Every structure is written in C-alpha cells, then in structure tokens.
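Novice:
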Amino acid sequence: MMHSIKTSGIVLKGTNFGEADKILTIFTERLGKVKVLARGVRKIKSHLAGALEPFILSNLLLHEGKTFYSISGAEIVESFSTIHDDIEKIARVFFLGELIDNFISSEEKSTDIFELFLSTLRSLENNSKDILLLTFQLKIIEAAGYKPVLFDCVHCKQKIEPGNNFWDNLEGGIICQKCQNKFHHGKEISDNAIKLLRFIEKNNFNEIDRLKDDQNIRLEVELILKKYIGNILEKELKSESFLKMI
Ligand SMILES: [Zn+2]
C-alpha cells in the first residue's frame with residue numbers, strides 16, 4: 002500500500018526529467034529533505050507547477066515510492082514575492098538552499114532547521130537583516146555536527162581570554178596566541194567577532210533580530226563562516242555549485 006503524507010515544504014531545486022517531469026529536492030517539515038518526482042509539472046496545463054517553484058512555502062501531498070516520492074497535490078501557503086522580485090535576495094536564498102542541500106542528509110527530520118529557514122525567509126521578505134543570514138549559517142553548521150569551539154582554545158583547551166586570538170578553519174574554532182605560535186595556522190579574530198559568534202550561538206532568532214547591527218564585526222564573522230563552510234564542504238562534500246556561488 003502506498004503511504005501518503007501531508008506536509009508543508011519548500012522546493013530547493015529541480016532538474017528536468019523525461020519529457021515533462023522534474024525531479025525536485027524539497028525540504029519538508031515532516032520528512033526533512035526528500036527527492037520528489039513531479040510528473041507532468043513542465044506541461045503548461047500543470048496545476049501543480051506554481052506551487053512547486055523554488056523557495057515558496059506550499060502544502061504538499063506526497064506518496065512514498067521506491068526511489069522517489071511522487072506528488073499529487075501542492076498549494077501555495079506563502080509565496081515570498083518580495084524575495085522573488087529582488088535579485089540580491091533571491092541569490093541569498095539560493096545560497097541558503099545550497100547549505101541545506103549540502104548539510105542536511107536525505108530524510109533526516111530537521112524540524113528546527115525547517116523552522117529556522119522559514120523565519121529567515123520571512124525576515125528576508127521584510128527587512129533583509131544580514132545578521133539573520135549569519136545566524137542561519139551558524140545554526141545549520143551546528144546541526145550538521147560542525148559546531149565551532151568558541152570558549153576554549155581548540156588545541157590546548159585553555160579558556161579563551163580577550164586579546165590576541167585566532168580563528169582556526171581546519172579545527173573549527175578559536176585558538177590562543179600560544180598555540181598559534183606553535184602551529185602557525187589560524188587567522189586573527191577580534192574580541193567583538195568572538196562575542197558576536199557566541200551571541201548567535203546562544204540566542205534565538207528573535208533575540209538576534211533585535212541586536213544592533215555593527216557592519217564591521219558582522220563582515221568579519223561573515224568572512225570567517227564563509228571560509229569555514231567552504232572548507233567543510235570542499236573536504237566533505239565537494240560541492241562545486243556552492244563554491245561557484247561564493
Ligand atoms: Zn591554545
């Protein structure tokens with residue numbers, strides 16, 4: 002018997018398949034990330050096509066299959082039209098989609114990340130605060146098991162004191178001056194950047210949303226996370242599409 006599931010979901014990407022079909026990667030609330038064969042969705046008459054565009058929140062009716070899920074119902078819940086009308090915003094959302102696609106395994110239930118993704122889309126729709134994109138990046142890294150070490154030196158485990166500290170991309174965390182002298186990897190990181198990373202790690206989305214934006218510190222953290230993510234993905238997943246985007 003075919004198992005059917007109702008869930009909300011957001012299409013992350015799609016590739017054409019056969020004459021009129023598409024294979025979609027959909028991030029769903031109830032099943033996590035799934036592959037769905039959407040039959041006939043490229044036909045002009047398709048009544049599902051609109052709700053299966055990327056980065057739209059839709060209610061879906063999915064059916065479990067051998068290789069892929071199939072789909073018989075899709076209706077739009079939130080279309081995020083402000084995002085879709087803005088090339089910069091859509092580029093950012095593609096980047097987030099790429100992160101989900103790379104960091105979340107198939108059919109691994111990730112309700113927290115789903116909620117976080119929705120909050121990020123909603124805030125991007127309204128005010129486009131860059132710190133929220135950083136938040137999403139840090140939280141998804143954590144969820145994938147790459148939580149950065151921010152309070153103790155990654156190498157010697159001593160408590161990190163304010164002053165000269167370094168970010169170590171390979172180990173994924175802060176290292177102290179002594180260890181930097183010894184191992185010669187790591188790039189200088191400011192106390193404020195460490196504070197911001199710790200703040201994002203500890204607090205929820207609403208609290209982070211209220212934080213006053215300091216562009217310099219944010220850009221410093223942005224660069225650190227970008228390189229850290231690039232490093233993780235290159236090593237673990239060889240995601241070319243991701244690297245092309247950054
Ligand atoms: Zn150390």
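Take any residue in the sequence shown, count from 1 to its spot, add 1: that is its number in my numbering.
No residue lacks a Cβ here, since even glycine has one placed at the ideal position from N, Cα and C.
The structure presented is a predicted model; accordingly, all values stated were derived computationally and were not measured.
Could you tell me whether the Cβ atoms of Gly173 and Tyr229 are closer together than 8 Å?
Specialist: As a working mapping, residue 173 is identified with position 172 in the sequence shown. As a working mapping, residue 229 is identified with position 228 in the sequence shown. Taking 8 Å as the Cβ cut-off, Gly173 and Tyr229 qualify as a contacting pair.
Novice: Of all the alpha helix (DSSP H) runs that stay within the bounds of the stretch 112-171, which reach a length of 4 or more residues?
Specialist: 112-127 and 131-144
Novice: Would you decide whether Asp254 is buried or exposed? Buried here means 16 or more other CB atoms lie within 10 Å of its CB.
Specialist: Since the displayed the chain opens at 2 and closes at 247, residue 254 lies outside it and no answer follows.
Novice: Considering only residues of the same chain and omitting the five flanking positions on each side of Ser120, which have a CB-CB separation below 8 Å?
Specialist: Taking the first residue of the sequence shown as position 1, residue 120 is located at position 119. Contacts found: Leu133 and Phe206.
Novice: To the nearest angstrom, how far is the alpha carbon of Thr1 from that of Phe104?
Specialist: Nothing about residue 1 can be reported from this structure: the residues present for the chain run from 2 to 247 only.
Novice: Is Ser9 helix, strand or coil when you go by DSSP?
Specialist: Translated into the one-based positions of the sequence shown, residue 9 becomes position 8. Residue state, collapsed to three classes: strand.
Novice: To the nearest angstrom, how far is it from the Cα of Phe115 to the Cα of Ile88?
Specialist: Within the sequence shown, the letter at position 114 stands for residue 115. Within the sequence shown, the letter at position 87 stands for residue 88. Spanning the two alpha carbons is a distance of roughly 23 Å.
Novice: Under the criterion of a Cβ to heavy atom distance below 7 Å, does His64 qualify as lining ligand 1?
Specialist: As a working mapping, residue 64 is identified with position 63 in the sequence shown. Flag unset: Cβ of His64 not near ligand 1.
Novice: What residues sit near ligand 1, counting only those whose C-beta is closer than 6 Å to one of its heavy atoms, in chain order?
Specialist: Cys154, His156, Cys157, Gln159, Ile176, Cys177, Lys179 and Cys180
Novice: Would you decide whether Lys272 is buried or exposed? Buried here means 16 or more other CB atoms lie within 10 Å of its CB.
Specialist: Given a span of 2 to 247 for the chain in the structure shown, any question on residue 272 remains unanswerable.
Novice: Near Gln181, what residues of its chain come up, given a Cβ to Cβ distance below 7 Å and the 5 sequence neighbours on each side ignored?
Specialist: Translated into the one-based positions of the sequence shown, residue 181 becomes position 180. Taking C-beta separations shorter than 7 Å and ignoring five residues to either side along the sequence, the partners of Gln181 in its chain run Phe167 and Gly187, following chain order.
Novice: Taking the beta carbon of Asp113 as the centre, do at least 16 other beta carbons fall within 10 Å, making it buried, or is it exposed?
Specialist: Taking the sequence shown and counting its residues from 1, one reaches residue 113 at position 112. Result: exposed.
Novice: Could you tell me which residues DSSP puts in a beta bridge with Phe18?
Specialist: Numbered from 1 along the sequence shown, position 17 holds the residue referred to as residue 18. Answer is Asp22, bridged to Phe18.
Novice: Could you check where the alpha helix (DSSP H) with Ala194 kicks off and where it finishes?
Specialist: As a position in the sequence shown, residue 194 is number 193, starting the count at 1. Segment Asp192 to Lys203, the alpha helix (DSSP H) holding Ala194.
Novice: If you follow the alpha helix (DSSP H) that His85 is part of, which residue opens it and which one closes it?
Specialist: In the sequence shown, residue 85 corresponds to position 84, counting from 1. It spans Ser82 to His85 - the alpha helix (DSSP H) in which His85 sits, taken as one unbroken run.
Novice: Label Ser5 either buried or exposed according to how many other C-beta atoms from any shown protein chain fall within 10 Å of its C-beta, with 16 as the threshold for buried.
Specialist: Taking the sequence shown and counting its residues from 1, the one referred to as residue 5 is at position 4. With fewer than 16 Cβ atoms within 10 Å of its Cβ, Ser5 is classed as exposed.
Novice: Nearest by alpha-carbon distance to Phe95: which of Ser124, Ile218 and Leu13 is it?
Specialist: Here residue 95 refers to the residue found at position 94 when the sequence shown is read from its first residue. Of the candidates Ser124, Ile218 and Leu13, the one whose C-alpha sits nearest the C-alpha of Phe95 is Leu13.
Novice: For Phe206, name the three-state secondary structure that DSSP assigns.
Specialist: Numbered from 1 along the sequence shown, position 205 holds the residue referred to as residue 206. Here Phe206 sits in helix by DSSP.
Novice: If you drop the 5 nearest sequence neighbours on each side, which residues of the same chain put their C-beta closer than 8 Å to that of Phe137?
Specialist: Start at 1 with the first residue of the sequence shown, and residue 137 comes out as number 136. Answer for Phe137: Leu97, Leu100, Leu117, Phe118 and Thr121, listed in chain order.
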